[in-house]
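Read the structure below first, then the notes.
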Amino acid sequence: MNSTLAQTHIARLLRHAPVQAAMAGFEHELAAAVDLIIAIQQVPAPTFAEAERAAFVEARMRALGLADVAQDGLHNVYGRIPGRIPAARPVIVSAHTDTVFDAGVDLQVRRETHRVHGPGIGDNSAGVAGLLLLAQALRRHGLQPRADVWLVANVGEEGMGDLRGMRAVTERFGERATYVVVEGGLFGQVCHQGIAVRRFRIDVTGPGGHSWGSFGTPSAIHVLGRLIAGIDGLSVPDAPRTTYNVGVIEGGTTINSIARTASLWLDLRSEAGAALAELETAVRQIIAGLAQRFPDVRIETVLVGDRPAGQVARSEPVVAWAEAALRAVGFTDVSYIAGSTDTNIPLSRGIPAVCIGLARSGNAHRPDEYLDTRQLPQGLSQLLLLVLAAAGLETPIPQELETER
Numbered sequence: 028m029n030s031t032l033a034q035t036h037i038a039r040l041l042r043h044a045p046v047q048a049a050m051a052g053f054e055h056e057l058a059a060a061v062d063l064i065i066a067i068q069q070v071p072a073p074t075f076a077e078a079e080r081a082a083f084v085e086a087r088m089r090a091l092g093l094a095d096v097a098q099d100g101l102h103n104v105y106g107r108i109p110g111r112i113p114a115a116r117p118v119i120v121s122a123h124t125d126t127v128f129d130a131g132v133d134l135q136v137r138r139e140t141h142r143v144h145g146p147g148i149g150d151n152s153a154g155v156a157g158l159l160l161l162a163q164a165l166r167r168h169g170l171q172p173r174a175d176v177w178l179v180a181n182v183g184e185e186g187m188g189d190l191r192g193m194r195a196v197t198e199r200f201g202e203r204a205t206y207v208v209v210e211g212g213l214f215g216q217v218c219h220q221g222i223a224v225r226r227f228r229i230d231v232t233g234p235g236g237h238s239w240g241s242f243g244t245p246s247a248i249h250v251l252g253r254l255i256a257g258i259d260g261l262s263v264p265d266a267p268r269t270t271y272n273v274g275v276i277e278g279g280t281t282i283n284s285i286a287r288t289a290s291l292w293l294d295l296r297s298e299a300g301a302a303l304a305e306l307e308t309a310v311r312q313i314i315a316g317l318a319q320r321f322p323d324v325r326i327e328t329v330l331v332g333d334r335p336a337g338q339v340a341r342s343e344p345v346v347a348w349a350e351a352a353l354r355a356v357g358f359t360d361v362s363y364i365a366g367s368t369d370t371n372i373p374l375s376r377g378i379p380a381v382c383i384g385l386a387r388s389g390n391a392h393r394p395d396e397y398l399d400t401r402q403l404p405q406g407l408s409q410l411l412l413l414v415l416a417a418a419g420l421e422t423p424i425p426q427e428l429e430t431e432r
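Heads up, the numbering used here is the position in the sequence shown plus 27, with the first residue counted as 1.
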């Protein structure tokens, strides 16, 4: 689909008075939207412990009158906005409930004129709130879509969650759906490419000993240090962009002991699966060299995360509509990005998917994270227009658009 067709379709949606009223409502009720974001943020939701936040979202979905509200065994929460044509291709609108912060983190927020500061406020409390605000707008203004719209608050997007929530969602709906993933802080960006990610825990075990009496015995920490230095010396391409990061190191017991054990957590990423495979091979060659040099040391590599790559073209209707919707709400500096998001799963299977954001945010994954609320009405309006474009509204979709769905 070219951009002109996408813009034409969005323009047709904008001619509906209820659509205009819903968009105006996002502006007029900004304070209430921010209150909802904070209410969600105040419910702890570490990865693998999202049950409390899932219950909060489920209760809100039921209060909004959504159909088929339920949780699955992982604590993904589902709610359906019924379409006029049940057989039409459904639209899955998802936002992850989990955060990178553990249950003991201080969730206190600090408000400024246009900012709210607090752990997880943007990533992804704002995204989860977006699901509920979308449902509220559709129901309040009588906007019944042509196809079913499923709202899904899914678990396990962050870190070691390894996209487990979206894996289950995609298994449930498969290729017969279009996927829209909502993040709190990516406003103005359209993510249509999922980067490949492989994550490893590397454990080093040696004989150990006393720092004086056993000097010369290989230390697990020293070997681990050589491994890190070797990884840091690797050359990676700028195109396709490829990265590595040792994010966690552990090991040793006391200052005067030769470490018997040490470990690291390694994150490898690339826009291309082949480049990622080359990087992984290079890392394994470093490990093999160290194992040969230090025969008394055991090095074990455990795969702990595997996020598949995938992408759709900018001409894919859901991607073109995302850009057109941004332009329709007055934002013209649109950028296309690659990322590691829940879209990785459907994209890796060749299923149309896109990730958009509702506002601007900063300091993600830090306790001083913040959300800039000024763009929130635009972000919610973009989401509304995108979902209605994908699901259809009262009038039939033009024939030239229908053939490209």
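Just so you know, even glycine gets a beta-carbon here, dropped at the ideal spot from N, CA and C. Since we're looking at a predicted model, the values are computed, not measured.
Are the segment 221-229 and the segment 324-340 in contact at 8 angstroms, needing three or more beta carbon pairs?
yes
Buried/exposed call for residue 181, threshold 16 Cβ in 10 Å
Looking up residue 181 in the sequence shown gives position 154. With 16 or more other Cβ atoms within 10 Å, it is buried.
Residue ranges of each beta strand (DSSP E) within the segment 291-370, 3 or longer
325-334 and 362-366
Is the beta carbon of residue 97 sitting closer than 9 angstroms to the one on residue 109?
The sequence position of residue 97 within the sequence shown is 70, counting from 1. The sequence position of residue 109 within the sequence shown is 82, counting from 1. In this structure, residue 109 does not lie closer than 9 angstroms to residue 97 by Cβ.
Can you grab the Cα-Cα spacing for the pair residue 151 / residue 44, in whole Å?
Numbered from 1 along the sequence shown, position 124 holds the residue referred to as residue 151. Numbered from 1 along the sequence shown, position 17 holds the residue referred to as residue 44. Straight-line Cα distance between these residues: approximately 31 angstroms.
Is residue 423 helix, strand or coil by DSSP?
Taking the first residue of the sequence shown as 1, we reach residue 423 at position 396. Because residue 423 carries a pLDDT of 43, less than 50, the predicted location of this residue cannot be relied on, and the following value inherits that uncertainty. Coil at residue 423, not helix or strand.
Is the Cβ-Cβ distance between residue 209 and residue 385 less than 9 angstroms?
Counting from one through the sequence shown, the residue named residue 209 turns up at place 182. Counting from one through the sequence shown, the residue named residue 385 turns up at place 358. Cβ distance < 9 angstroms, so residue 209 and residue 385 count as in contact.
In the DSSP assignment, find the beta strand (DSSP E) that holds residue 387 and state where it starts and stops.
The residue given as residue 387 occupies position 360 in the sequence shown. Counting along the chain, the beta strand (DSSP E) containing residue 387 begins and ends at 387-389.
Rounded straight-line distance, which links the Cα of residue 302 to that of residue 46
Taking the first residue of the sequence shown as 1, we reach residue 46 at position 19. Taking the first residue of the sequence shown as 1, we reach residue 302 at position 275. Cα to Cα, residue 46 sits roughly 45 angstroms from residue 302.
Kindly provide the ranges of any beta strand (DSSP E) runs that are 3 or more residues long and lie completely inside the segment 83-133, ordered along the chain.
94-98, 104-108 and 118-123
Residue 310 and residue 24 - do their beta-carbons sit closer together than 9 angstroms?
Examination of residue 24 is not possible in this model, given that the chain is present from 28 through 432 alone.
Residue 42 burial status per 10 Å Cβ neighbour count (16 or more: buried)
To locate residue 42, count along the sequence shown from 1; it is residue 15. With fewer than 16 other Cβ atoms within 10 Å, it is exposed.
Residue 73 (DSSP reduced to helix, strand or coil)
Working through the sequence shown from its first residue, we reach residue 73 at position 46. Three-state DSSP puts residue 73 in a strand.
Output the residue ranges of the beta strand (DSSP E) runs that lie fully inside the segment 251-298 and measure 3 residues or longer, sorted by chain position.
269-278 and 288-297
Whole angstroms are fine: how far does the CA of residue 340 sit from the CA of residue 436?
Residue coverage of the chain in this structure runs from 28 to 432, which leaves residue 436 outside it and unanswerable.
Have a look at residue 354 and residue 395 and give me their C-alpha separation to the nearest angstrom.
Against the sequence shown, residue 354 aligns to sequence position 327. Against the sequence shown, residue 395 aligns to sequence position 368. Approximately 31 angstroms, taken between the alpha carbons.
Using a Cβ-Cβ distance cut-off of 9 angstroms, determine whether residue 33 contacts chain B.
Included in the structure is just one protein chain, with no chain B present.
By DSSP's criteria, residue 230 is part of a beta bridge. Which residues make up the other side?
Along the sequence shown, one-based indexing puts residue 230 at 203. According to DSSP, which records beta bridges pairwise, residue 230 is partnered with 290 and 327.
From this set, 84, 376 and 175, which residue's C-alpha is nearest residue 153's C-alpha?
Position 126 of the sequence shown holds residue 153. Closest by alpha carbon: 84.
Closest by CA to residue 220, which one among 237, 145, 372 and 356?
Indexing the sequence shown from 1 puts residue 220 at position 193. Ranking 237, 145, 372 and 356 by Cα distance to residue 220 puts 372 first.
Which partner residues of residue 237 appear in the DSSP bridge assignment?
Here residue 237 is taken as the residue at index 210 of the sequence shown, counted from 1. Partner(s): 284.
Along the beta strand (DSSP E) that carries residue 381, what are the first and last residues, could you check?
Here residue 381 is taken as the residue at index 354 of the sequence shown, counted from 1. Start and end: 380-384.
What does the alpha-carbon distance come out to for the pair residue 360 and residue 215?
Start at 1 with the first residue of the sequence shown, and residue 360 comes out as number 333. Start at 1 with the first residue of the sequence shown, and residue 215 comes out as number 188. Whole-angstrom Cα-Cα distance: 7 angstroms.
According to DSSP, residues forming a beta bridge with residue 223:
Working through the sequence shown from its first residue, we reach residue 223 at position 196. According to DSSP, residue 223 bridges with 297.
Sequence-distant residues of its chain with Cβ nearer than 7 angstroms to residue 130 (five each side left out)
By 1-based counting over the sequence shown, the position of residue 130 is 103. Closer than 7 angstroms at Cβ, skipping near neighbours: 71, 73 and 76.
Buried versus exposed call for residue 422 [16 or more other C-beta atoms within 10 Å across all chains shown]:
Taking the sequence shown and counting its residues from 1, one reaches residue 422 at position 395. The predicted position of residue 422 is uncertain, since its pLDDT is 49 and thus under 50; no value can be drawn from it.
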